[in-house]
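Novice:
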Amino acid sequence: MRKLKLEVLLETAIILPVIVLVIMLAGCNVGNNAIFYTLEHEEKIIDNTLPNNIDVLGIVRDGDYYYAAAGGIYRASVSGRSNSGWKLIDSVDTNSTSLGLCNSLVPFGGKYYAAFFKDETNGNISYGLYSTTSLSSSVVWDGPLGTDSDIKSKQITGLFDVNGNLIVAIYNSTNKGYDLYYSGDGTSFSKVTLGGITGSLVQNVSDISYFGGKYWVLSGSKILNGTSISSLSEIATSSYPSDVTPSAQYEGILASTAFSSNLLYLSDNMGEIFTSSDGVSWTRFSDSPIEVSSNSVPFGRFIQASNDLLLVATEGYGFYKITQTNSITRFSDNTKANLYNGVILGFYVDTTDSNIFIYTAGSGLWSNTLSGISDDKSWQWE
Amino acid sequence: MANFIRKALPLVLTVIIVFLFTSVDVFGQDKEPKVLPVYSLGDQTLSINGGLFVPLFFQALDGTISSTNLTPGGIGSLEWNAYINANVKVGLEAGGVFAFSPNFNVLLILPITVKATYIFSYYPFDFPIFLGTGLNIIKYQDLSHIDFLLKPGFSVFWRYNASWSFGLNFVYWWIFQAATGSQPSDETRMGNFLEISLSALYHF
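Chains as they are written, first to last, in the working numbering: chain A, 32 to 413; chain B, 1177 to 1380.
1. Locate the beta strand (DSSP E) running through B:F1380, then write down its first and last residues.
2. I'd like to know whether the C-beta of A:F67 is nearer than 7 Å to at least one C-beta of chain B.
3. Answer with buried or exposed for B:M1366, where buried requires no fewer than 16 other C-beta atoms within 10 angstroms of its C-beta.
4. Going along the chain, which residues of the segment 1356–1368 of chain B sit with their C-beta nearer than 7 Å to a C-beta in chain A?
5. Per the contact definition of three or more C-beta pairs closer than 8 Å, is the segment 1295–1306 of chain B in contact with the segment 82–92 of chain A?
6. Going by other Cβ atoms of all chains shown within 10 Å of its Cβ, with 16 needed for buried, is A:W412 buried or exposed?
7. With distances taken Cα to Cα, identify the nearest neighbour of A:F316 among A:N293, A:K253, A:T360, A:S325.
8. Whose C-alpha, out of B:G1226, B:I1305, B:S1339, is nearest the C-alpha of B:S1375?
9. Let me make sure I understand the geometry here. Which of A:I353, A:G331, A:A336, A:Q355 has the alpha-carbon closest to that of A:E346?
10. Whose C-beta lies closer than 8 Å to the C-beta of A:W117 among residues of the same chain, with five residues either side of it excluded?
11. If you draw a straight line from the C-alpha of B:I1256 to the C-alpha of B:L1222, how long is it?
12. DSSP three-state label for B:V1194, please.
13. Starting from the C-beta of B:S1243, find all residues in its chain whose C-beta is less than 6 Å away, skip the five residues before and the five after it, and write them out in chain order.
14. Give the residues of chain B in contact with A:I76, contact being defined as C-beta atoms less than 7 Å apart.
15. Checking 7 Å against the spacing of the C-beta atoms, do A:Q335 and A:S287 come in under that value?
16. Measuring CB to CB, does B:W1371 end up less than 7 Å from B:I1251?
17. In three-state terms, what does DSSP make of B:Y1299?
18. Under the rule that 16 or more other beta-carbon atoms within 10 Å means buried, what is B:V1273, buried or exposed?
19. Report the residues of the segment 1239–1259 of chain B with a CB closer than 8 Å to any CB of chain A, ordered along the chain.
20. At least one CB of chain B closer than 7 Å to the CB of A:L70: is that the case?
21. State the Cα-Cα distance for the pair A:D318 and B:G1329, rounded to the nearest angstrom.
22. Does B:F1234 get closer than 7 Å to chain E when you measure Cβ to Cβ?
23. Just tell me which of A:A65, A:D181, A:L401 has its CA closest to the CA of A:I387.
24. Is the CB-CB distance between A:I321 and B:L1319 below 7 Å?
25. Within the continuous beta strand (DSSP E) that includes A:I201, where are the two ends?
26. Indicate the three-state DSSP secondary structure (helix, strand or coil) for A:S358 in the structure shown.
27. Which residue comes first and which comes last in the alpha helix (DSSP H) that contains A:F290?
28. Could you tell me which of A:L130, A:K222, A:H72 sits nearest to A:D121, measuring between CA atoms?
29. In three-state terms, what does DSSP make of A:N84?
30. By how many angstroms is the C-alpha of A:L160 removed from the C-alpha of A:E151?
31. When the Cα atoms are used, what is the spatial distance from A:C133 to A:F147?
32. What runs of the beta strand (DSSP E), each 3 residues or longer, lie entirely inside the segment 1215–1282 of chain B?
33. Have a look at the DSSP bridge pairing and note the partners of A:E346.
34. Distance, Cα to Cα, A:K149 vs B:T1247?
35. Please confirm whether A:G403 and A:G373 have their CB atoms less than 7 Å apart.
36. Could you give the C-beta distance for A:V193 and A:S264, rounded to a whole number, given that I count them as a contact under 8 Å?
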């Protein structure tokens, strides 16, 4: 017993002072993150009434209201949404039948186009593209648009308004791929011929842009272009970015006029952003892919917020700001965790009232004014 | 929240103290003869602690005081001590703390400290005063920091029997979080917190 007590004495008398020293030395401020400072300056997020856990898949403005497609279509006053909030509107067809869930909403040619899908009582799912001349608290949609030989009742996987064409990506259940259709009038649709592609595209269309007199379409690791939307072809191997990560998939493409330059911006899911002035030779933003905690940032779509600011979406890391042709920084307000770590699906700029929106998968809709965009703390949750 | 704590604290303390003294009377009916335990070199204790973690304020190096913006949180810890003599023991403590920011983001604190305690005894009560020091691992969102921590405090323990004591602890936490690396120097903060916890302590 006496021996045991002496051992304990040795433990306490020798080991503990050593531990104290080690702890004092090791514990002296390791890390480069001002957590207390961050907490001190954290502000409660302004949160309007739109549910915060929804996927927002598109937003448009009609008159004095915004409309957000998030399964249902939500409506809020442009100037009074902090008071009156967002309200779910009814969407029916001309037979007064409910149209189900909306997964795309875009303006085109003075109308609004929305893709709907609905579980039918027979177990099937009905799909369709619909249009309306105006949006309100209750909308009667015309459609489904197209014919059985093109897009009618097909599963819409993408809806784009590019250079005076409404471009519709659909899932082709026959060959398990994706087809593109286009329309100049929003009424009749024609299939896009895909040169060099057997059958349909293997992967869905992630983004489309118009630059240098050509349409540019991204589908997985493929880039297609063409001077007419009626016929696109995969670009030559030599026209792909030479230093792209081999397994990369292209996610976003934007014809930009920012920074007094006409450039085509291209992003991929491996932390890479490229620019090109001709669509043939590409310059990568940084020597190596952009990473967070050793993980490549999966970039997504772009938007030009102003003449000196581009935003680029990410899948899981919020968004990045491009403030010069070759300068990119991550949105920094990590107290807004749902935006900072958000999966960003897209952006919408309302130039009339100078508002910008970021729509996300599972983290709702975020907004800011264009003038306040430089302050990362000024984003609010719709 | 501060008002609520200010109003509720006296009530909570009153209830706890009344309970402790009431317990003495109740258990005082025990027929078994009481033996005054005296601890000495080599005796050891293990305790489990849990309670309330109250954020007080942050202080900058220029003395400016600011709100922590944190909610009251929870704390839990395990502690081992060895007696040097009947009144002094030294030990180690490791635990965890959580609290929430205005946007309900969670702040996690993992303190690891060494602790020296001096015990005043008035049977069946012990009144330890102590000082702990060590490192404090803090995690908030994707930020992390390891800081220096000082924890002075005092406790009131009631000896239930020779093996078990139960007590109430009041511990002041002082965390020095210096601006390091690329941080601007004016981001240095000293975090001040209060721990109010209950303990179950086992002597062996």
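Beta carbons are placed, not taken as given, at the ideal position from N, Cα and C, and that holds for glycine.
Specialist: In short:
1. For the purposes of this step, residue 1380 of chain B is identified with residue 204 of the second sequence, where counting begins at 1. According to the DSSP assignment, B:F1380 belongs to no beta strand (DSSP E), since it is labelled neither H nor E.
2. One-based indexing of the first sequence puts residue 67 of chain A at position 36. With 7 Å as the cut-off, A:F67 counts as an interface residue toward chain B.
3. Here residue 1366 of chain B corresponds to residue number 190 of the second sequence, with the count starting at 1. B:M1366 is buried by the Cβ-count criterion.
4. Within the segment 1356–1368 of chain B, the qualifying residues are T1356, G1357, S1358, Q1359, E1363, R1365, G1367.
5. The segment 82–92 of chain A, when compared against the segment 1295–1306 of chain B, does not touch it at the 8 Å Cβ threshold.
6. The residue labelled residue 412 of chain A in the question sits at position 381 within the first sequence. Buried, by the Cβ-count rule.
7. Residue 316 of chain A sits at position 285 when you count from the first residue of the first sequence. Nearest C-alpha to A:F316 among A:N293, A:K253, A:T360, A:S325: A:T360.
8. For the purposes of this step, residue 1375 of chain B is identified with residue 199 of the second sequence, where counting begins at 1. When each option's Cα is compared against that of B:S1375, the closest is B:G1226.
9. Taking the first residue of the first sequence as position 1, residue 346 of chain A is located at position 315. Nearest option by C-alpha distance: A:G331.
10. For the purposes of this step, residue 117 of chain A is taken as residue 86 along the first sequence, with counting starting at 1. Cβ neighbours of A:W117 beyond the five flanking positions: N79, T80, L81, A99, Y105, R106, A107, E413.
11. Position 80 of the second sequence, counted from the first residue, corresponds to residue 1256 of chain B. Position 46 of the second sequence, counted from the first residue, corresponds to residue 1222 of chain B. Sequence check: residue 1256 of chain B is Trp here, not Ile. Each residue's Cα considered, the two are about 5 Å apart.
12. The residue you call residue 1194 of chain B lines up with position 18 of the second sequence. Residue confidence for B:V1194 is low, a pLDDT of 49 falling below 50, so the modelled location carries little weight and cannot support an answer.
13. Counted from its first residue, the second sequence places residue 1243 of chain B at position 67. So no residue of the chain qualifies.
14. Here residue 76 of chain A refers to the residue found at position 45 of the first sequence. Going along chain B in sequence order, the residues near A:I76 (Cβ under 7 Å) are N1279.
15. Against the first sequence, residue 335 of chain A aligns to sequence position 304. Against the first sequence, residue 287 of chain A aligns to sequence position 256. In this structure, A:S287 lies closer than 7 Å to A:Q335 by Cβ.
16. Locating residue 1371 of chain B in the second sequence gives position 195, where the first residue counts as 1. Locating residue 1251 of chain B in the second sequence gives position 75, where the first residue counts as 1. As written in the sequence, residue 1371 of chain B is Glu, which differs from the Trp given in the question. In this structure, B:I1251 lies closer than 7 Å to B:E1371 by Cβ.
17. Residue mapping note: residue 1299 of chain B aligns to position 123 of the second sequence, counting from 1. B:Y1299 falls in the coil class under three-state DSSP.
18. Mapped onto the second sequence, residue 1273 of chain B falls at position 97. Burial call: buried.
19. Those would be S1242, S1243, T1244, N1245, L1246, A1258, in chain order.
20. Here residue 70 of chain A refers to the residue found at position 39 of the first sequence. It does; some Cβ of chain B falls within 7 Å.
21. As a first step, residue 318 of chain A is located in the first sequence; it is residue number 287 there, counting from the start. As a first step, residue 1329 of chain B is located in the second sequence; it is residue number 153 there, counting from the start. A:D318 and B:G1329: Cα-Cα distance of roughly 54 Å.
22. Given the protein chain composition of this structure (A and B), no chain E is represented.
23. Sequence index remark: in the first sequence, residue 387 of chain A carries index 356 (1-based). When only C-alpha atoms are compared, the closest one is A:L401.
24. Here residue 321 of chain A refers to the residue found at position 290 when the first sequence is read from its first residue. Here residue 1319 of chain B refers to the residue found at position 143 when the second sequence is read from its first residue. The answer is no: Cβ separation not under 7 Å.
25. Translated into the one-based positions of the first sequence, residue 201 of chain A becomes position 170. Its beta strand (DSSP E) spans residues 196–203.
26. For this step, residue 358 of chain A is matched to residue 327 along the first sequence. DSSP, reduced to helix, strand and coil, places A:S358 within a strand of the structure shown.
27. Translated into the one-based positions of the first sequence, residue 290 of chain A becomes position 259. DSSP places A:F290 in no alpha helix (DSSP H); its state is neither H nor E.
28. Mapped onto the first sequence, residue 121 of chain A falls at position 90. Of the candidates A:L130, A:K222, A:H72, the one whose C-alpha sits nearest the C-alpha of A:D121 is A:L130.
29. Translated into the one-based positions of the first sequence, residue 84 of chain A becomes position 53. A:N84 sits in coil when the DSSP states are folded into three classes, being neither helix nor strand.
30. Along the first sequence, one-based indexing puts residue 151 of chain A at 120. Along the first sequence, one-based indexing puts residue 160 of chain A at 129. Across the structure, A:E151 and A:L160 are spaced so that their CA atoms are roughly 17 Å apart.
31. In the first sequence, the residue the question calls residue 133 of chain A occupies position 102. In the first sequence, the residue the question calls residue 147 of chain A occupies position 116. A:C133 and A:F147 have their C-alpha atoms roughly 4 Å apart.
32. Annotation note: the segment 1215–1282 of chain B contains the following uninterrupted beta strand (DSSP E) runs of length 3 or greater, listed N- to C-terminal: 1220–1235, 1249–1259, 1264–1276.
33. Residue 346 of chain A sits at position 315 when you count from the first residue of the first sequence. DSSP, once it has assigned bridges, lists A:V374 as partnering A:E346.
34. As a first step, residue 149 of chain A must be located in the first sequence, where it is residue number 118. As a first step, residue 1247 of chain B must be located in the second sequence, where it is residue number 71. Whole-angstrom Cα-Cα distance: 44 Å.
35. What you label residue 403 of chain A is simply residue 372 of the first sequence in a count that begins at 1. What you label residue 373 of chain A is simply residue 342 of the first sequence in a count that begins at 1. Contact: no.
36. Counting from 1 along the first sequence, the entry for residue 193 of chain A is found at position 162. Counting from 1 along the first sequence, the entry for residue 264 of chain A is found at position 233. The Cβ separation is near 17 Å, so there is no contact.
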